[in-house]
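Residue numbers (my numbering): 17 to 404.
All residues carry an ideal CB built from backbone N, CA and C; glycine is no exception.
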């Protein structure tokens with residue numbers, strides 16, 4: 017039995033949040049009110065705040081963070097969680113929710129999430145779930161998080177499925193915007209070379225699909241920025257380091273903004289995110305996210321070459337740039353079975369089509385959905401010819 021009675025509900029959901037750069041190294045300076053201001057306006061006498069930080073932030077900046085709020089006359093409650101990919105699970109979300117309950121966070125009270133991309137993802141999930149949504153402020157402390165996890169609206173955790181006995185990267189998550197993002201590039205100096213290189217994996221991805229200017233900057237200055245941990249005075253004075261970060265964030269926002277809920281699944285920013293997911297989930301694999309993205313990215317460079325989209329000069333130029341950024345260009349786990357399964361997973365994730373981005377020149381790309389298993393096999397054979 018059918019009926020014509022019913023209601024169609026169409027509501028617009030306004031999304032607005034500021035991504036603000038902080039003057040270099042001043043986030044915890046008591047004369048800088050940006051961190052306090054981001055936690056919202058509260059009634060007089062309400063002198064408590066809540067922050068989620070990862071273990072690295074607690075070790076390096078915990079005292080400064082507490083001193084900042086103590087100087088403002090505010091008692092800070094800190095929830096410390098591990099910030100590794102292996103900890104990006106429901107248990108971490110539960111820990112934050114438990115602490116929020118104990119703290120008695122108010123419905124419109126923003127809490128702080130300070131750390132790398134994993135902690136920002138975990139805290140974002142908790143914010144989305146607690147009371148069906150409370151505001152939170154992202155404060156990224158790694159290069160990767162500054163240019164990637166901090167600026168979008170996605171949050172998520174890896175899911176361990178009891179039926180398939182497999183772990184799926186970012187399988188459970190939400191689209192939930194922060195109330196604000198505060199970016200202080202001085203945090204990058206606390207990272208080692210591998211972690212900074214890891215961040216460049218995502219920046220180089222953006223350069224390959226969207227900006228030859230950004231690629232030129234990475235090609236010319238990336239190695240120096242890694243060696244000096246973004247503290248080279250001449251590059252800072254010339255505005256090179258800030259230009260690389262600003263361009264990366266601008267590109268991400270330009271790509272994400274018009275397609276915030278990913279209704280359009282042909283996305284150039286998915287470059288490097290087809291084969292990397294399974295590479296990261298190989299048990300015992302010693303590979304970071306930006307590194308996996310780069311291995312995927314170079315494999316896609318080879319696929320582009322074999323299709324005639326780019327010439328060998330472009331392949332060699334990209335390869336040289338990747339090596340100068342200390343990024344891996346291959347993995348022993350990148351075999352035919354994993355590559356073909358990645359294509360199958362892409363069809364599932366991208367609603368019936370592979371939609372794999374390939375570059376047609378540096379700064380330009382196209383999404384394809386017809387990559388074959390034989391094509392992958394030829395690309396894997398060609399990968400063996402490079403001095404990785």
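Pull up the distance between the alpha-carbon of residue i and that of residue j, whole angstroms please.
| i | j | result |
| --- | --- | --- |
| residue 365 | residue 225 | 21 Å |
| residue 70 | residue 360 | 34 Å |
| residue 160 | residue 275 | 21 Å |
| residue 374 | residue 381 | 5 Å |
| residue 278 | residue 369 | 14 Å |
| residue 137 | residue 126 | 16 Å |
| residue 281 | residue 367 | 8 Å |
| residue 168 | residue 215 | 16 Å |
| residue 45 | residue 79 | 12 Å |
| residue 14 | residue 253 | What is shown of the chain runs 17 to 404, which leaves residue 14 out entirely. |
| residue 315 | residue 345 | 8 Å |
| residue 145 | residue 72 | 25 Å |
| residue 336 | residue 372 | 23 Å |
| residue 378 | residue 209 | 25 Å |
| residue 187 | residue 250 | 43 Å |
For residue i, is the classification buried or exposed, using 16 other Cβ atoms within 10 angstroms of its Cβ as the cut-off for buried?
| i | result |
| --- | --- |
| residue 207 | buried |
| residue 273 | exposed |
| residue 289 | buried |
| residue 230 | buried |
| residue 87 | exposed |
| residue 196 | buried |
| residue 34 | exposed |
| residue 296 | buried |
| residue 312 | buried |
| residue 310 | buried |
| residue 363 | exposed |
| residue 47 | exposed |
| residue 26 | exposed |
| residue 53 | exposed |
| residue 55 | buried |
| residue 177 | exposed |
| residue 38 | buried |
Please state if the CB of residue j and the CB of residue i are separated by a distance shorter than 8 Å.
| i | j | result |
| --- | --- | --- |
| residue 318 | residue 395 | yes |
| residue 223 | residue 234 | yes |
| residue 121 | residue 150 | yes |
| residue 112 | residue 142 | yes |
| residue 153 | residue 194 | yes |
| residue 291 | residue 350 | yes |
| residue 227 | residue 263 | yes |
| residue 389 | residue 356 | yes |
| residue 89 | residue 63 | yes |
| residue 134 | residue 182 | no |
| residue 109 | residue 173 | yes |
| residue 158 | residue 130 | no |
| residue 3 | residue 163 | Only positions 17 to 404 of the chain appear in the structure, and residue 3 is not among them; the question remains open. |
| residue 343 | residue 307 | yes |
| residue 358 | residue 293 | yes |
| residue 123 | residue 105 | no |
| residue 285 | residue 304 | no |
| residue 29 | residue 66 | no |
| residue 93 | residue 77 | no |
Would you please state the rounded distance, in angstroms, between the beta carbons of residue i and residue j? I believe it to be under 8 Å.
| i | j | result |
| --- | --- | --- |
| residue 51 | residue 198 | 7 Å |
| residue 98 | residue 140 | Actually they do not touch by this definition, with Cβ atoms about 16 Å apart. |
Can you tell me whether DSSP reads residue i as helix, strand or coil?
| i | result |
| --- | --- |
| residue 274 | helix |
| residue 20 | coil |
| residue 214 | helix |
| residue 131 | strand |
| residue 79 | helix |
| residue 15 | Lying outside 17 to 404, the shown extent of the chain, residue 15 is not represented and no answer is given. |
| residue 326 | coil |
| residue 374 | strand |
| residue 150 | coil |
| residue 399 | helix |
| residue 185 | strand |
| residue 339 | helix |
| residue 193 | coil |
| residue 304 | coil |
| residue 138 | helix |
| residue 91 | strand |
| residue 208 | coil |
| residue 45 | coil |
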